[in-house]
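Protein chains: 2
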Amino acid sequence: MEYVFSDRVQSLKPSAIREIFKYAADPTVVSLSAGNPAPEAFPTKEIAEISAKLLSENPIAALQYSITEGYAPLKATLTEYMKKNHNVGTDDDDILITSGAQQIMDLASKSILNEGDVVICENPSFIGSLNTFRSYNARLVGVPVEKDGMNTEKLEEALKNEPRAKFIYTIPNFQNPSGVTMSLEKRKAVYELAKKYGVLIIEDNPYGDLRFRGEFLPCIKSFDTEGIVIYSGSFSKVISPGMRVGYAIAPKPIIQKMVVCKQGQDVHTNIWSQIVCNEFITKYDFDAHLAKLREIYRKKAGLAMDLLDEHLAPNITYNKIDGGLFIWCDLPEYVDVASFCMDAVKNKVCVVPGTAFMANPEDVTHSFRINFSTPTDEQLKKGIEILGQMAKKL
Amino acid sequence: MEYVFSDRVQSLKPSAIREIFKYAADPTVVSLSAGNPAPEAFPTKEIAEISAKLLSENPIAALQYSITEGYAPLKATLTEYMKKNHNVGTDDDDILITSGAQQIMDLASKSILNEGDVVICENPSFIGSLNTFRSYNARLVGVPVEKDGMNTEKLEEALKNEPRAKFIYTIPNFQNPSGVTMSLEKRKAVYELAKKYGVLIIEDNPYGDLRFRGEFLPCIKSFDTEGIVIYSGSFSKVISPGMRVGYAIAPKPIIQKMVVCKQGQDVHTNIWSQIVCNEFITKYDFDAHLAKLREIYRKKAGLAMDLLDEHLAPNITYNKIDGGLFIWCDLPEYVDVASFCMDAVKNKVCVVPGTAFMANPEDVTHSFRINFSTPTDEQLKKGIEILGQMAKKL
């Protein structure tokens, strides 16, 4: 049998990160390539307590079919939490619980994009989302990320030139992979441009709670008087990614279409995990838990940046970060990043070449991404020392 | 903002069943419209034990990111189990753990169907799958279901007339909604026809283990020397639907594409639940558990059929079943099934009109579906008595 696949998946390949993960699985290789929460960041005791109580007192609720929209008490908890803490959500919005925030990218794409439509994204951007957009045969138009977020002049140029643009995809806080946080001015500018050109915004905010320094900035969704922003939230970085629980807050007509698509995709999100998330947020001290996470990552990020200062300067530079899980390192322009990362693996440290995160294959980058949340402090030291030795030889 | 949705979801509506469920939520209405496992069918004690042990001994494994293909030990368990018990799976096949079997329909559709391609399905068939095919703008061609499965002459006719047919969708065991089990001869005939016309088969088998009478028949996938069958398995009816764990066994090139699509859809299936399923199958007596389920449903189905015999004859007839969760009841041809079901709701019993399961809106049916797994024995009695009173007045 010769298999004929759909046009949309003909050219789809497993992500470059997955290929790199194969090297990272070698226990002699120090992996700075993942994006997993630190093992000490999981509220394991609390989850075990909640789950034991749930399965003893109300097991059928946790194990039976549930509804596509999500567990009603969790929806209510998040609606209130996001309104109170982030001014996110209006009476014209609704909320949908999803199987991780990744599913929001899929459901939004499926609901909004025809084949050949355009998604405007930061360049570089999160490869998982870009691949989802690609899987609907969307064309990606990248807008360069600067120290304070996407270049809004280039964004307007893209919006002018691309009548088929349907949405702007942005990660305003501690962007993956660049680590950049968008300034308040640019958040407002992006919103105004989307409004002016009649396109939607997907605001992806998995790392927003992981700010360990500086002032929290308002979400773009908090400006959303027009109903043009799809807000994407996730428990993957603050409770557990293995549970796969995320949530979209968006205008009701968009949520309605996403619900219909979700019904055909997985019926509903694992209800056991939805209940556990809700119990954790409402019955435990969620704010104290977030403060603990910020402290864990403040220390780890601080160590990583100290090591980068010590070992990589002056040949390799990087952007200081205020939160999130990633640091973006820049090689000199005469160095090919793919070869550098391949050499790094041979030297037993694994980082992700920036090329993996670019909107289009022809987009040039000389940067690579390192993650500091997954490795132990010892691994971080060892990995960055190896990179330092390589930096000296450039 | 006026929202413009993709062509594929413009006409998608929430399923008719969902609308009916709204009535079913009224506690004074007896619901025979669901498809939930009986509450007594859940291995709640075992799940609680397994989960407690897991979260105490290896919590990070249950809560951290995992890989898209699925939990390796569960894949190995299922590969061996399906080979040994059902002769399903060859060296050319691979297995993918999914977020319920519903996701298999989505991933297969996304991988295989271009817009306008044709899916040949039994008529009637499971609305959840049909809606997924529709969500990729596939055209559905229905083949009538007879007492021993789909009419294979009509199937061949459809295959001849539809050069854009990409796969045949079938539920060979205790089909939802008709309750029909496909004969061995027809299983072979369907396989040979698919081979002859170069199309794939999706064999959806959520109820296969729930046979309470008669001989188990081989899966179509067990004939699959050509690599043309995508087998869809699920734990929803035998462990827990709330966990959302299913599995596809299919030729490697197809699984590869489905994995890439799944990566962009939800990254991986809830890993906590995957581990729990694997521990339950391997460390407990899974066969004894299945035997217990068969006994629960043998009793409930027996009661339902006795009640139908007593109350609905001769005006309403039905197909005797040997397993599964559903019974298909036929009204006289002069009765409009939609009105009948609406009257039933007014009389406080909720059943699903057959129209919800038809491939196309113009396909005529005079049947409705009842479910016997979810209601208590008392509810079954009350519900079927009400239907009986309505039958007498026809």
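Residue numbers (numbering that gives the first Met the number 0), protein chains in the order written: chain Z, 0 to 393; chain S, 0 to 393.
Built from N, CA and C at the ideal position, the CB exists for glycine as well.
The structure displayed is predicted, hence computed values, not measured ones.
Just to confirm my understanding: we take residue i, look at its own chain, exclude 5 residues before and 5 after, and list those with CB closer than 7 Å. What are they?
i	result
L379(S)	L302, A303, L306, F371
I227(S)	A193, K194, L199, I200
G382(S)	V29, L31, V348, P374
E332(Z)	H365
S50(S)	V275
Kindly indicate which residue of the options has the alpha-carbon position closest to the one of residue i.
i	options	result
P217(Z)	V237(Z), K194(Z), Y190(Z)	Y190(Z)
K256(S)	E56(S), T27(S), I94(S), P58(S)	I94(S)
Y206(Z)	R212(Z), Q174(Z), F41(Z), A188(Z)	Q174(Z)
V179(Z)	R133(Z), P162(Z), E152(Z), F125(Z)	F125(Z)
P42(S)	K291(S), F367(S), G387(S), V334(S)	K291(S)
R297(S)	A47(S), D208(S), S177(S)	D208(S)
V258(Z)	S110(S), L54(S), N130(S)	N130(S)
L62(Z)	S235(Z), L154(Z), T268(Z)	T268(Z)
S239(Z)	E39(S), L11(S), A60(S), S55(S)	A60(S)
E184(S)	F222(S), V3(S), N57(S)	F222(S)
R186(S)	M242(S), P176(S), Y168(S)	Y168(S)
P403(Z)	D91(Z), M242(Z), M104(Z)	Nothing can be reported for residue 403(Z), as the shown portion of chain Z is limited to 0 through 393.
T224(S)	R212(S), K236(S), P250(S)	P250(S)
I295(Z)	T27(Z), I19(Z), E214(Z), A40(Z)	A40(Z)
L11(Z)	I49(Z), F132(Z), P72(Z)	F132(Z)
T27(S)	N346(S), R243(S), N314(S)	N346(S)
N57(Z)	K282(S), A107(S), K44(S), S110(S)	K44(S)
E155(Z)	A188(Z), R163(Z), V336(Z)	A188(Z)
K391(Z)	N314(Z), F211(Z), D105(Z)	N314(Z)
T89(Z)	T78(Z), T97(Z), I96(Z)	T78(Z)
F215(Z)	M0(Z), A157(Z), D321(Z)	D321(Z)
D335(Z)	T97(Z), S134(Z), L393(Z), W271(Z)	L393(Z)
V344(Z)	N318(Z), L311(Z), L386(Z), L330(Z)	L386(Z)
On the DSSP bridge list, what partners appear for residue i?
i	result
R368(Z)	W327(Z), V351(Z)
D203(S)	S231(S)
F166(S)	V118(S), L199(S)
T268(S)	The partner list for T268(S) (beta bridge, DSSP) is empty, contrary to what the question assumes.
G245(Z)	T97(Z), S233(Z)
E408(S)	One cannot answer for residue 408(S) here, as it falls past the ends of chain S, which runs 0 to 393.
R212(S)	Bridge partners of R212(S): none, in fact.
T316(Z)	D329(Z)
S30(Z)	C349(Z)
R138(S)	V117(S)
G322(S)	R210(S)
P250(S)	D92(S)
Apart from the five residues just before and just after residue i, which ones in its own chain have a Cβ nearer than 8 Å to its Cβ?
i	result
V266(S)	Y64, T67
K299(Z)	A37, F371, S372, D376, L379
N150(S)	V142, P143, V144
D342(Z)	M389
E161(Z)	V117, I119, V140
A164(S)	D116, V117, V118, I119, V140, A157, L158, Y196, V198
Since residue i and residue j are thought to touch, with beta carbons under 8 Å apart, how far apart are those beta carbons, to the nearest angstrom?
i	j	result
Y70(S)	I274(S)	6 Å
N122(S)	G323(S)	N122(S) to G323(S), Cβ: 18 Å. No contact.
G99(Z)	G232(Z)	The pair is not a contact, with the Cβ atoms about 11 Å apart (cut-off 8 Å).
C328(Z)	I369(Z)	6 Å
L54(Z)	I254(S)	33 Å between Cβ atoms; not a contact.
S128(Z)	F4(S)	That belief does not hold up - the Cβ atoms of S128(Z) and F4(S) are roughly 20 Å apart, past 8 Å.
In chain B, what lies closer than 7 Å to residue i by C-beta?
i	result
L11(Z)	Of the protein chains in the structure, Z and S, none is chain B.
Within its chain, find whatever has a CB closer than 6 Å to the CB of residue i; leave out the 5 residues flanking it on each side and keep chain order.
i	result
K52(S)	none
A137(S)	L112, D116, V118
I280(S)	T76
Y230(S)	V87, E202, K220, I248
N35(Z)	T373
F325(S)	N175, P176, G178, R368, N370
M181(S)	G148, P171
R243(S)	S98, G99
P352(S)	V336, A337, C340, F367
Open item on the list: Using 8 Å as the cut-off, can you tell me whether the segment 75-94 of chain Z makes contact with the segment 253-265 of chain S, which would need three or more C-beta pairs spanning the two stretches below that distance?
Closed with: In short, these stretches do not touch, since the Cβ pair count stays below three.
Task: Cβ contact (3+ pairs, closer than 8 Å) linking the segment 130-150 of chain S and the segment 190-203 of chain S - done: Output reads no: the segment 190-203 of chain S does not touch the segment 130-150 of chain S.
Open item on the list: Closer than 8 Å is the cut-off here; do at least three beta carbon pairs connect the segment 284-301 of chain Z with the segment 351-363 of chain Z?
Closed with: No, the segment 284-301 of chain Z does not touch the segment 351-363 of chain Z.
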